[in-house]
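Read in order, the letters of the sequence shown correspond to residues 4 to 582 in our numbering.
The beta carbon of each residue, even a glycine, is placed where N, CA and C say it ideally should be.
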Amino acid sequence: MPTTANQTGAAGADDPQQDLTDGFHLMIDALKLNGLTTIYGVPGIPITDFGRMAQAAGIRVLSFRHEQSAGYAASIAGFLTRKPGVCLTVSAPGFLNGLTALAHATTNCFPMILISGSSEREIVDLQQGDYEEMDQLAIAKPLCKAAFRVLHAQDIGIGLARAIRAAVSGRPGGVYLDLPAKLFGQVMNAKAGRKSLVKVVDAAPAQLPAPEAVKRALDVLKAAKKPLIILGKGAAYAQADDAIRALVETSGAPFLPMSMAKGLLPDTHPQCAGAARSLVLKEADVVMLVGARLNWLLSHGKGKTWGDTPKQFIQIDIEPREMDSNVGIVAPVVGDIGSCAAALVAGMGGHWPAAPADWVKTVASKRDDNVAKMAPRLMNNNAPMDYHGALGVLRSIVKERPDAILVNEGANTLDLARGVIDMHRPRKRIDVGTWGVMGIGMGYAIAAAVETGKPVLAVEGDSAFGFSGMEVETICRYRLPVCIVIFNNDGIYRGTDVNPAGGDAATTVFVKGARYDRMMEAFGGVGVHVTTPDELKRAVNAAMDSGQPTLINAVIDPAAGSESGRIGNLNPQSVLKKK
Ligand code: OXT
Ligand code: ADP
Ligand code: MG
């Protein structure tokens, strides 16, 4: 039931005959009409009343402590639901705080709409110093997939429709929607207002691959002696889980999940090559990329990581321009992953040859060796804990609770957790993504709990947590079932650095022995301090059973980590001798 200004007492309410609506109500109605019923944001001029009215109209409006966290929440809501996550901010500084997350959404191909209130065009364009003056549209444009401004109430419906389509169609991404303060108060006839709204039909249309592209890909795959399928987060986003499983299992090829594709097929699946990563990348002769880009995370498809075996790449992606971005793609398959996977499986028919047995065996044996090598390290009960002892516990807990969503950020905390914690279901692991960005933690945890209703386990480096730590208040306020485990090693990578010049602490170290658990207690959540894997296990299980907001300060040996986790090689080295 659309709201009108009369019903809620906004502009035009004095005369009940008038049947007027206004910008506030049109925007709310447009969002609801399109099923966008959750907003993540921070209130303030000029959008405070908009948030209030949206809440009164049945939209869930979650208020954060910082727009960046609200933006990250919206971005991952987009990934988890395939609907654009909505973030609402005030002008200039609030907008800029949200913009990092919008750029992050675009970089990661997540659909998101950042809606920011803005100052008056006339004053901004003449640079006359309005309250929070900034040409937000111009600033947002290069950092997102599309940017729109709505100046007239009658264009709100179209404006939102354009934003939704831009966010979810083709390669998903971030969209900026600029709403000047004056727009909210603009009044129009309610009937005309209703007519101006647009319910977007088929926002992300299926994109079928060309039959010849499918045939070409199958010809290349069939001739492979050492085929490999790489599943990326685009495959997880596509929610085409059955088709992808059929493609992998019919091909019989080993598959390697990228970080957020873990669990699309279980990490324990017999074809999973996650624990034989180096081997499969080096030795494969045909590599089929499914919703994964050949960017830095895959060493751009060349160099030492990929070894000497000549490679042929097949790539399934919705974005045609992704093809040949780093190396030549011999068989591009452009389309949505569900349609492409289904077409490939259909093309395989009932008699697809099994992947060569010697290759499958070689991969399985390397995987089993690596898993066996790691196993004893995961069982230690040392205090202070090392990463493996602590992660061994979390690995078992995630196995027993496969529906829980794992949020993960840090350096060692990220890289080791990725390897150790097997995922068993699709879209249950969400992390730093394409940029390796710190600060997604609490926003992701909040959105994951809100959007899925499932328990969330956030495994956080102590530095990583600090980027969004104040959102523990938000978690407590909404009583969300979030259990945060902080791997507290007193710093970034390690807590043992010393400033050789004396004076200030070294750049990578924090207060020793910090008690993050007490932050949670300050807001009525549960705080626990643990020093052994046994204590950690008890505390996490209690938190997951109770569903209470919990923060576990898990003390990790400050000397246990390595510089930048598994990507230390990316640090530039000085040729000059260290002083
Ligand atoms: O095959 P081989 O033999 O090679 O073995 C591989 C697998 O086969 C094997 N494996 C297994 N073995 C046994 N069993 C199982 N189950 C298994 N699974 C796998 O293990 C190895 C490794 O496998 P993996 O991990 O798959 O392979 P690899 O080679 O690592 O993969 C390469 C990559 C590139 C795909 C992978 O490493 C990756 O995805 N990396 C992502 C890295 C990343 O994004 N890092 C985050 C950024 S680091 C840095 O930038 C940080 N900052 C700066 C900063 C950032 N980022 N953002 C902002 C806004 N400001 C500043 C900061 C501040 S990190 C950071 C904070 C760090 O401190 P914290 O306190 O938070 O964290 P701690 O470090 O814990 O202190
Ligand atoms: P990862 O980091 O896991 O390797 P990337 O973010 O690099 O994954 O790649 C995701 C890819 O998936 C992008 O190139 C994007 O265009 C593609 N993609 C996203 N959604 C779909 C979809 N529904 N169908 C096809 N491709 C998709
Ligand atoms: Mg740390």
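Rounded to whole angstroms, how far is the Cβ of residue i from the Cβ of residue j, which I believe are closer than 8 Å?
i	j	result
Val89	Ile50	Wrong, their Cβ atoms sit about 12 Å apart, outside the cutoff.
Asn532	Asp520	It is worth fixing the name first, because residue 532 is His in this sequence and not Asn. 5 Å between Cβ atoms; contact.
Lys515	Asp493	5 Å
Gly120	Ser94	5 Å
Ala207	Val171	4 Å
Asn298	Thr511	That belief does not hold up - the Cβ atoms of Asn298 and Thr511 are roughly 27 Å apart, past 8 Å.
Asp25	Phe187	7 Å
Val401	Ile340	In fact, because the Cβ distance is near 25 Å, the residues do not count as touching under 8 Å.
Arg370	Ala264	With 8 Å as the limit, Arg370 and Ala264 do not qualify as a contact, their Cβ atoms being about 17 Å apart.
Val203	Leu182	Not really, about 18 Å apart at Cβ, beyond 8 Å.
Leu250	Val348	5 Å
Ala104	Gln71	6 Å
Lys305	Val283	With a Cβ gap of about 16 Å, Lys305 and Val283 do not count as contacting.
Val366	Ala420	About 23 Å separates the two Cβ atoms, so there is no contact after all.
Should residue i and residue j be called a contact, given that it needs their Cβ atoms to be closer than 8 Å?
i	j	result
Ile233	Val290	yes
Tyr447	Ile79	yes
Asn556	Asn491	yes
Leu301	Ala156	no
Arg497	Pro561	yes
Gly44	Gly54	yes
Thr416	Ala467	yes
Leu397	Ile424	yes
Thr553	Val529	yes
Ala220	Ala334	yes
Ile489	Met445	no
Arg296	Gly235	yes
Glu123	Ala184	yes
Ser567	Ala414	yes
Lys144	Pro114	no
Lys315	Val223	With the sequence shown as reference, residue 315 is identified as Gln, and Lys is not the correct amino acid for it. Their beta carbons are under 8 Å apart, which means Gln315 touches Val223 by this criterion.
Pro405	His427	yes
Arg430	Leu83	yes
Met522	Val475	yes
Applying the 10 Å Cβ sphere with the 16-neighbour rule, what's the burial state of residue i?
i	result
Ala452	buried
Gln318	buried
His356	The identity of residue 356 in the sequence shown is Pro, whereas the question assumes His. It counts as exposed.
Lys198	exposed
Thr312	exposed
Met4	Since pLDDT at Met4 reaches only 46, below the 50 mark, its modelled position is unreliable, and the value read off the structure follows with that caveat. Under this definition Met4 is an exposed residue.
Ser262	buried
Thr271	exposed
Gly506	exposed
Tyr240	buried
Gly266	buried
Arg324	exposed
Asn572	exposed
Glu215	exposed
Thr2	Nothing about residue 2 can be read from this structure; the chain reaches only from 4 to 582.
His391	buried
Lys229	buried
Gly564	buried
Ala59	exposed
Ser368	exposed
Glu454	buried
Can residue i be considered in contact with the ligand ADP, in the sense that its beta carbon sits closer than 7 Å to one or more heavy atoms?
i	result
Cys275	no
Gly294	yes
Gly304	no
Under 7 Å from any heavy atom of the ligand MG, does the C-beta of residue i make it?
i	result
Ser78	no
Gly392	no
Gly464	yes
Ile487	no
Gly506	no
Gly472	no
Phe526	no
Gly439	no
Using beta carbons (cut-off 8 Å, strictly below), is residue i in contact with chain D?
i	result
Val348	Of the protein chains in this structure there is only one, and it is not chain D.
Between residue i and the ligand OXT, is the CB less than 7 Å from at least one heavy atom?
i	result
Met382	no
Leu282	yes
Arg482	no
Phe490	yes
Three or more C-beta pairs closer than 8 Å, one from the stretch 242–257 and one from the stretch 371–387: is that the case here?
Because the criterion of three Cβ pairs below 8 Å is not met, the stretch 242–257 and the stretch 371–387 do not touch.
Do the stretch 163–176 and the stretch 24–44 make contact, defined as three or more Cβ pairs closer than 8 Å?
Yes, the stretch 163–176 is in contact with the stretch 24–44.
So does the stretch 102–110 actually touch the stretch 469–484, counting three or more Cβ pairs closer than 8 Å?
Touching, no, given that fewer than three Cβ pairs across the two stretches are closer than 8 Å.
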